[in-house]
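Engineer: Dropping a structure here in structure tokens format, bear with me for questions.
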Amino acid sequence: MPSLLTVGETPLRLSPPGNRRFVGSETVEMTATGTESNVAIAAAALGADATWASTLPSTQLGKRIVSELREYGVETDVSWTDDGRVGLEFHQPGVSPREPVIIHDRDGATAVSMTPADIPMADVEAADGVFASGSTAALSETAAETLNAVLRAGGNDAGLSVFELDYRPRLWSPEDAHEALAPLLENVDVLIANEDQLRTVFGRTGDPREVAHGIASTLGLDLLAMTRGEYGALVIDDSVVHEIESVEAETVDAAGQHDAFSGAFLTRLLDGAGPDVALSYAVAAATLTRTTPGPIPAFDRTDVEALVEQLA
């Protein structure tokens, strides 16, 4: 089985039950909701040896995150500290025409000051693949520099360095994101991103295939995978474009679908599959994830494989 090491922050998501609002709700549901940890969960579900590494406060909330990730088969390598806190994300579901409400409370989170010394760098160098995302890089210059060191160390001759753009306008501006991520992306083999995020951060317009190809060429990427919502997804492999249509499914919670896409895509690449096969697994995993509540990509491997067969 391929080995994957993901590095980044995992906040706790607090939500009122069902489709209720915070106003009038007497209880909230709590779950881990980090991009990097979600990708590790998705990878583990497909058979990868997945490890999530980060720094956490040695509190009940910090231990709560580790306990939940381990329930999904993810190994954890945490640098515990007495300083800082767990980041929080307040999420109020939206039901049309009511929009969802998301409030990030991440100031002072331990990952803000995370350095390479907090990460098992020897394991990073030994892993088949390493993964990080823009939502962690947005925390601070220190966090971005740490991810850069991780991606540089992981992208050796035997490893694959993967980054998910994961641009969130509530955390930083497109200009700040572009400037901060420029040196980091120099060490990336594979970039995964939503089409709208790519256009926003890189200031691109025009045909989506041309946008993806232009960015991949400019950055010197091996692969660029772009999700396009209702229009499916595509992968740029040098000058070759692989595309797949979206799958109709009832959306219960869309929060974890992109992480499921990234985890499945990366796992199949590490298994030796071609980009086209990896893309079909990614779309299948994302489709199944949005049919279940919560941000965790808790899909079943057999369900993914069955859906992939339908897509063939």
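Just so you know, the numbering used here puts 405 at position 296 of the sequence shown, and the rest follows in order with no gaps.
Glycine residues also receive a C-beta, built at the ideal position from the N, C-alpha and C atoms.
All of these numbers come straight from a predicted model, not from anything done at the bench.
1) Report the start-end ranges of each beta strand (DSSP E) in the stretch 140-174 that is 3 residues or longer and not cut off at the edges.
2) At which residues does the beta strand (DSSP E) containing Met335 begin and terminate?
3) Which same chain residues, not among the five before or five after Val350, have their C-beta less than 7 Å away from its C-beta?
4) Starting from Asp412, trace the beta strand (DSSP E) both ways and give me its first and last residue.
5) With a CB to CB cut of under 8 Å and the five nearest residues on each side skipped, what residues in its chain are close to Val297?
6) Spell out the partners DSSP gives Glu198 in its beta bridges.
7) Beta strand (DSSP E) containing Glu352: first to last residue?
8) So which of Gly383, Leu378 and Ala373 has the shortest CA-CA distance to Glu414?
9) On the CB-based measure, 16 or more other CB atoms within 10 Å of its CB, does Ile212 come out buried or exposed?
10) Runs of 3 residues minimum, wholly inside the stretch 282-335: which ones carry the beta strand (DSSP E) assignment?
11) Could you please give me the residues that DSSP links to Thr190 through a beta bridge?
12) Classify Ala141 as buried or exposed, calling it buried when 16 or more other Cβ atoms lie within 10 Å of its own Cβ.
13) Given that a residue counts as buried once 16 or more other Cβ atoms are within 10 Å of its Cβ, and exposed if not, what is Gly133?
14) Can you find the residues in the same chain that come closer than 7 Å, C-beta to C-beta, to Thr400, ignoring five residues on each side of it along the sequence?
15) Is the beta carbon of Ser389 sitting closer than 7 Å to the one on Val417?
16) List the residues that DSSP assigns as beta-bridge partners of Thr115.
17) Roughly how many whole angstroms lie between the Cα atoms of Leu378 and Pro384?
18) Could you check whether Val183 and Ala153 sit closer than 7 Å to each other, using their CB atoms as the reference points?
19) Mind pulling the alpha helix (DSSP H) runs of 4 or more residues that sit fully within the stretch 242-267?
20) Can you tell me whether Asn128 is buried or exposed? The criterion is at least 16 other CB atoms within 10 Å of its CB, across all chains shown.
21) Can the beta-carbon of Gly143 be found less than 7 Å from the beta-carbon of Glu118?
22) Have a look at Phe131 and Leu197 and give me their C-alpha separation to the nearest angstrom.
Structural biologist: By the coordinates alone:
1) 158-166
2) Your numbering for residue 335 matches position 226 in the sequence shown. Counting along the chain, the beta strand (DSSP E) containing Met335 begins and ends at Leu332 to Thr336.
3) One-based indexing of the sequence shown puts residue 350 at position 241. These residues qualify, in order along the chain: Arg318 and Leu343.
4) Indexing the sequence shown from 1 puts residue 412 at position 303. Segment Arg410 to Leu420 is the alpha helix (DSSP H) holding Asp412; no beta strand (DSSP E) there.
5) The sequence position of residue 297 within the sequence shown is 188, counting from 1. For Val297, where only same-chain residues beyond five positions count, the Cβ hits under 8 Å are Leu260, Gly264, Ser270, Val271, Phe272, Leu328 and Leu330.
6) For the purposes of this step, residue 198 is taken as the residue at position 89 of the sequence shown. Beta-bridge pairing links Glu198 to Arg122 and His213.
7) Walking along the sequence shown from the start, residue 352 turns up at place 243. Element bounds for Glu352: Val349 to Ile353.
8) Here residue 414 corresponds to residue number 305 of the sequence shown, with the count starting at 1. Closest option to Glu414, Cα to Cα, is Ala373.
9) The residue you call residue 212 lines up with position 103 of the sequence shown. The residue in question, Ile212, is exposed, as its Cβ has fewer than 16 Cβ neighbours within 10 Å.
10) 299-303
11) If you number the sequence shown from 1, residue 190 lands on position 81. For Thr190, which the question treats as bridged, DSSP gives the partners Pro166.
12) Numbered from its first residue, the sequence shown carries residue 141 at position 32. By the 10 Å Cβ count, Ala141 comes out buried.
13) Taking the sequence shown and counting its residues from 1, the one referred to as residue 133 is at position 24. The residue in question, Gly133, is exposed, as its Cβ has fewer than 16 Cβ neighbours within 10 Å.
14) Along the sequence shown, read from residue 1 onward, the residue named residue 400 stands at position 291. Closer than 7 Å at Cβ, skipping near neighbours: Ala358, Glu359 and Val361.
15) Locating residue 389 in the sequence shown gives position 280, where the first residue counts as 1. Locating residue 417 in the sequence shown gives position 308, where the first residue counts as 1. Contact: yes.
16) Indexing the sequence shown from 1 puts residue 115 at position 6. Thr115 is bridged to Trp161 and Phe240.
17) Stepping through the sequence shown from its first residue, residue 378 is reached at position 269. Stepping through the sequence shown from its first residue, residue 384 is reached at position 275. Taking the straight line from one Cα to the other gives about 7 Å.
18) Mapped onto the sequence shown, residue 153 falls at position 44. Mapped onto the sequence shown, residue 183 falls at position 74. Yes, the Cβ-Cβ distance between Ala153 and Val183 is below 7 Å.
19) 243-246 and 250-263
20) Start at 1 with the first residue of the sequence shown, and residue 128 comes out as number 19. Exposed, since its Cβ has fewer than 16 Cβ neighbours within 10 Å.
21) Locating residue 143 in the sequence shown gives position 34, where the first residue counts as 1. Locating residue 118 in the sequence shown gives position 9, where the first residue counts as 1. In contact: Gly143 and Glu118 (Cβ atoms closer than 7 Å).
22) Counting from 1 along the sequence shown, the entry for residue 131 is found at position 22. Counting from 1 along the sequence shown, the entry for residue 197 is found at position 88. Their Cα atoms are separated by approximately 15 Å.
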